[in-house]
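Some notes on the structure that comes next.
Numbering (full-length UniProt numbering), first residue to last: 1 to 439.
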């Protein structure tokens with residue numbers, strides 16, 4: 001029997017998807033549950049200094065008794081003077097040994113001190129004051145604008161400790177983040193937010209959605225916060241420069257730079273309890289590491305274009321996962337739409353075409369396994385066994401790509417599907433109006 005999921009069924013969407021989809025189940029860009037991100041001097045993985053042994057000092061080089069025979073009737077004052085003379089000789093010998101090692105240099109300094117101006121020494125000068133302001137469009141300028149709008153989030157529950165990042169949506173404390181960052185924020189959980197000014201505040205979960213991996217929290221008892229500026233992810237271009245801001249490994253207010261490597265990248269990521277999210281992702285090579293989840297991917301004007309959510313890693317152990325230049329962010333247009341639903345109704349509204357799609361790897365597109373009666377696909381004339389190869393002008397590789405493409409739209413949008421029969425013949429196009437998925 002083939003594995004299939006109905007794009008109108010939320011539970012089916014959280015199932016297992018095609019092996020051809022990009023599935024990074026264990027490499028969420030967040031702090032691992034059960035581990036705190038408080039760092040001591042050694043928690044960063046930097047080794048202790050091993051230069052703890054002070055070299056032993058020479059013993060008795062000049063501290064032994066005199067080897068000279070002193071006459072019994074010699075005056076004590078003369079003996080003392082003789083001993084003092086030997087001490088001076090010993091000190092002179094030590095100084096000569098040092099000069100012997102670098103005597104040429106010493107002689108050069110003495111010579112020039114008598115015939116040249118004093119040496120120019122940077123330590124004698126005051127620090128230079130920077131006169132040039134950060135240029136518009138520079139990473140520095142972007143950081144100045146965005147850092148006050150990005151927070152660090154820590155959630156402590158019975159399941160352990162999870163950490164991530166978030167972007168401020170409102171001056172009174174609404175924050176956009178990933179659902180997997182705050183999924184453990186149950187009734188007994190404690191959530192805390194660290195602002196860029198170093199202050200910490202308690203926070204509560206407004207609502208979250210596992211299928212889209214978007215959540216909204218509220219910081220308690222604050223006002224006057226600086227909301228992030230929301231951009232338009234439909235205008236993102238491959239190759240454009242971007243900046244990622246967040247708290248990787250608990251290192252708050254970290255800024256990294258990169259480019260948009262690809263867009264419309266269908267990615268699946270398995271969360272806790274077997275729940276999976278499907279992301280129509282923006283791919284970037286800006287360094288994204290555990291703890292960046294829920295933070296900000298911004299353009300060079302400081303506008304939010306994506307929410308970092310998933311990273312690919314060569315490591316099989318999630319606690320060791322790190323950036324290899326393959327990070328994925330939820331486009332801000334989708335994140336914004338879901339956040340509005342969560343704030344207004346406490347649940348996300350999902351667009352669907354009304355058909356069950358085969359999740360087996362299909363090289364040429366998404367295979368329709370069953371059409372929902374009287375649904376949009378049925379009304380458009382789709383049949384069981386049809387192969388959907390495009391959504392508008394976007395080519396599909398499999399069923400996951402279809403779901404990701406549909407979720408990038410709003411309920412009520414009309415999309416054009418390119419359809420063939422199962423053998424790849426009789427190509428045609430149909431228009432489908434998206435409707436809300438039913439529980």
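We put the CB at the ideal spot given by N, CA and C, even for glycine.
Spatially closest choice to residue i from the options, by CA coordinates
| i | options | result |
| --- | --- | --- |
| residue 171 | 212, 288, 432, 223 | 223 |
| residue 394 | 413, 383, 418 | 418 |
| residue 399 | 357, 201, 127 | 357 |
| residue 161 | 300, 180, 149 | 180 |
| residue 310 | 301, 322, 299, 149 | 322 |
| residue 301 | 270, 240, 276 | 240 |
| residue 371 | 416, 432, 343 | 432 |
| residue 343 | 132, 366, 268, 169 | 169 |
| residue 438 | 145, 422, 425, 411 | 411 |
| residue 385 | 421, 397, 415, 375 | 421 |
| residue 361 | 397, 375, 345 | 397 |
| residue 423 | 368, 126, 178, 133 | 368 |
| residue 198 | 149, 157, 178 | 149 |
| residue 157 | 189, 117, 123 | 189 |
| residue 187 | 159, 201, 200 | 159 |
| residue 392 | 377, 414, 374 | 414 |
| residue 341 | 120, 436, 127 | 436 |
| residue 494 | 425, 137, 277 | The structure shown has nothing for residue 494, since the chain only spans 1 to 439. |
Whole-number beta carbon distance between residue j and residue i, since they are thought to touch under 8 Å
| i | j | result |
| --- | --- | --- |
| residue 196 | residue 251 | Going by Cβ atoms, the distance from residue 196 to residue 251 rounds to 13 Å, so no, they are not a contact pair. |
| residue 261 | residue 194 | At roughly 30 Å, the Cβ-Cβ gap does not stay under 8 Å, so residue 261 and residue 194 are not in contact. |
| residue 283 | residue 326 | 7 Å |
| residue 176 | residue 339 | 5 Å |
| residue 281 | residue 267 | 5 Å |
| residue 269 | residue 259 | So it is not a contact: roughly 22 Å between Cβ atoms. |
| residue 228 | residue 122 | About 42 Å; that fails the 8 Å criterion. |
Within 8 Å, strictly: CB atoms of residue i and residue j
| i | j | result |
| --- | --- | --- |
| residue 208 | residue 215 | yes |
| residue 409 | residue 434 | yes |
| residue 236 | residue 139 | no |
| residue 364 | residue 389 | yes |
| residue 203 | residue 191 | yes |
| residue 155 | residue 185 | yes |
| residue 173 | residue 226 | no |
| residue 212 | residue 348 | yes |
| residue 230 | residue 337 | no |
| residue 144 | residue 135 | no |
| residue 210 | residue 131 | no |
Residue i CB to nearest heavy atom of the ligand MG below 7 Å
| i | result |
| --- | --- |
| residue 252 | This structure simply doesn't include the ligand MG, nor any ligand for that matter. |
Validate contact between the stretch 284 to 298 and the stretch 164 to 179 using beta carbons, cut 8 Å, 3 pairs: yes
Contact the stretch 297 to 306 vs the stretch 326 to 345: 3+ CB pairs below 8 Å: yes
Secondary structure, alpha helix (DSSP H): runs of 4+ residues fully inside the stretch 169 to 226: 179 to 182
3-residue-minimum beta strand (DSSP E) runs that sit fully inside the UniProt domain "PDZ" (342 to 423), ordered along the chain: 355 to 358, 366 to 371, 387 to 391, 414 to 420
Cβ contact (3+ pairs, closer than 8 Å) linking the stretch 346 to 356 and the stretch 392 to 409: yes
Cβ contact check for the stretch 239 to 253 and the stretch 373 to 381: 3 or more pairs under 8 Å: no
Contiguous beta strand (DSSP E) assignments of at least 3 residues, all confined to the stretch 284 to 336: 296 to 298, 303 to 311, 327 to 331
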